[in-house]
Every structure is written in C-alpha cells, then in structure tokens.
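Residue numbers (the working numbering): 1 to 305. Backbone N, C-alpha and C fix where the C-beta goes; we use that ideal spot for every residue, glycine too. Here is the structure we will look at.
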C-alpha cells in the first residue's frame with residue numbers, strides 16, 4: 001500500500017495489482033475499497049445481468065478509466081455460505097450458470113465455448129460495449145484491460161475476443177485473469193493465442209481447484225467418468241486454460257497438507273471438515289491471500305506493466 005506525503009493512500013504502481021483490486025471490487029462494488037485502490041479516473045460504471053433460470057443478478061462487470069486506459073472487470077461466482085448482500089437465491093442461480101458446462105459452437109467465438117459463460121457475456125455485452133465507447137478519448141490512452149477472478153476470468157477471455165471489434169481500442173488487448181475457470185476448447189485457445197490482438201496472463205495456484213474446471217484432456221479419467229454420469233455429452237468438451245501461466249510457489253509441507261485434506265473429502269482416510277476452508281482459502285483474492293502475495297511481489301522481477 002502506497003501513501004503520499006500527506007498519508008493519503010495512493011494507487012499501486014503495478015497495473016496487475018490494480019487489476020486484482022478491480023476483481024475484488026467487482027464482488028462488492030458499493031463497499032469501501034479498504035485501501036486497495038484501482039486508480040479509477042472515471043467511473044466505474046456497474047452493470048449487472050439476471051439469470052435465465054430466475055430473478056437474480058448473477059453477473060456483474062465494472063467499466064471505467066484509469067491512467068493507462070480502460071478497464072473491464074468481471075465478478076466471479078458468488079461464494080456460498082457468506083453473509084454479504086447477495087441472497088441465497090442469487091448464489092444458487094449463479095452456480096446453475098456454472099454447471100451449464102457443455103461446450104457449444106458459437107458464431108461469436110472460435111472453437112467451442114462454455115454455454116453458461118457465453119450467455120453471461122451476452123447479457124452484459126451491450127452495456128459494456130456502450131460504456132467503453134463512451135470512454136474512448138481522441139488523445140488516448142485507449143488501451144483496454146480486461147480482468148476477472150474465477151468465473152470472471154473465463155468471462156474476461158470471452159469478452160476479449162468480442163472486444164477486438166470495438167472501435168477506437170488500441171491493441172493488443174491486455175487480459176489478466178486470476179484463478180480463472182476454463183472458457184473454451186483447444187481451438188478457442190489456439191486462435192486466442194495466435195491472433196496477435198490479445199495478450200493474456202493467468203495467475204494460478206497449485207492448491208486452487210477452480211482453474212482445473214471444466215475438465216479437459218489433462219483431467220484424470222476417473223474424474224471425467226464421474227462427471228459424465230451427470231453430463232453424458234461431456235465427452236467432446238476438453239476445456240483448456242488460456243494465457244501465459246504465472247504459478248504460485250507452494251512449499252512441500254503446504255502441498256502435502258492440501259493433498260491430505262482433498263483426499264479426505266471423499267472419505268479416503270480423513271474428514272470432510274477441512275475441504276471447504278482449504279478450497280476457499282486457496283481461491284481467495286482478499287488481502288493477505290495467496291493470490292495477493294503472488295501478483296507482482298511473488299513474481300520476481302515484475303515490471304509493473
């Protein structure tokens with residue numbers, strides 16, 4: 001946390017840190033920032049979208065300007081068992097969106113993409129598109145930064161592809177995802193990587209299960225088998241991550257503890273009580289979390305861009 005001579009909290013010098021803060025703010029856009037300054041110079045505007053399954057706002061995006069350009073930040077999945085402003089119905093509807101995981105060919109994207117995530121972007125995009133158009137400045141800078149945590153990271157990747165058609169935007173579009181779920185298949189990733197108009201970095205922890213879903217070619221066969229009981233059409237999906245991976249460093253002791261807890265959840269020599277706290281802790285982007293320690297400070301030689 002940086003302060004000026006008068007003691008006022010200043011925005012962090014690292015753009016990736018501020019994008020992390022934008023991800024965090026997307027969960028509680030009306031709450032105080034707690035000193036995690038994004039550095040907004042205009043906005044952000046707050047956009048929400050309702051679930052196709054019921055009356056709940058399951059998606060949210062922030063759009064505003066910072067000194068370096070324009071930021072779009074997508075909220076991730078609403079966490080269960082928390083006492084925030086989101087009701088239990090919204091949480092349930094959001095998780096129903098996540099499990100619409102059969103990939104589909106979609107004329108808006110290359111390859112096959114997650115049905116539920118694509119619908120979320122569809123719902124938000126007209127508002128985002130109009131907001132970005134209103135933030136483009138003749139003298140710039142008009143660099144576009146798109147970010148998101150968890151499900152929001154998957155939405156960020158889908159939105160980046162659609163943003164290539166936005167007028168006045170400088171390329172490459174900068175995408176930074178944190179613990180992102182997977183948005184599409186190998187064809188989607190290949191075009192995203194080779195197009196040249198998108199620069200994507202993804203932050204992942206080895207102890208975080210979310211970046212491993214939906215399943216892909218790297219998923220153990222037994223896990224795929226269990227998933228196909230619920231989703232028989234899953235056999236052709238093969239989701240993959242997008243972007244250059246920056247992994248968190250995990251100590252041997254910490255990794256062993258995680259293995260024991262995860263193994264204990266299905267009943268293999270342990271209790272289930274430690275599973276949810278471990279999963280939530282590994283996935284958190286709050287102050288003091290593993291991702292908070294990783295981004296910039298934990299990378300080594302970060303150039304803050």
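- Residue 23 is a Cβ neighbour of residue 285, given a cutoff of 9 Å.
- Residue burial annotation: residue 108 is exposed, with fewer than 16 other C-beta atoms found within 10 angstroms of its C-beta.
- Contact between residue 178 and residue 199 does not hold, since their C-beta atoms are separated by about 16 Å, which reaches or exceeds 8 Å.
- For residue 21, the enclosing alpha helix (DSSP H) covers residues 15–27.
- DSSP, reduced to helix, strand and coil, places residue 202 within a strand of the structure shown.
- Straight-line measurement puts the Cα of residue 195 at about 26 Å from the Cα of residue 210.
- In this model, residue 142 and residue 17 are separated by some 20 Å (Cα to Cα).
- In this structure, the beta-carbon distance from residue 184 to residue 136 does not fall below 9 Å.
- Taking C-beta atoms as the reference points, residue 116 and residue 180 fail to come closer than 9 Å.
- Residue pairing from DSSP places residue 46 in a beta bridge opposite 62.
- Residue 137 carries a coil assignment under DSSP once its states are collapsed to helix, strand and coil.
- Nearest to residue 202 by alpha-carbon distance, out of 64, 167, 182 and 26, is 182.
- For residue 104, the uninterrupted beta strand (DSSP E) segment begins and ends at 103–105.
- The C-beta distance from residue 156 to residue 148 rounds to 4 Å, short enough to fall under 8 Å.
- Around the beta carbon of residue 41, fewer than 16 other beta carbons lie within 10 angstroms, which makes this residue exposed.
- Assignment of residue 165 by DSSP, reduced to helix, strand and coil, places it in the coil class.
- Under the three-state reduction of DSSP, residue 185 is assigned to strand.
- DSSP places residue 129 in the helix class (H, G or I) of the three-state scheme.
- Straight through space, the alpha carbons of residue 213 and residue 219 are spaced by roughly 9 Å.
- A distance below 9 Å separates the beta carbons of residue 25 and residue 33.
- The beta carbon of residue 299 sits closer than 8 Å to those of 246, all from its chain and outside the five residues before and after it, given in chain order.
- Nearest to residue 126 by C-alpha distance, out of 152, 63, 154 and 105, is 63.
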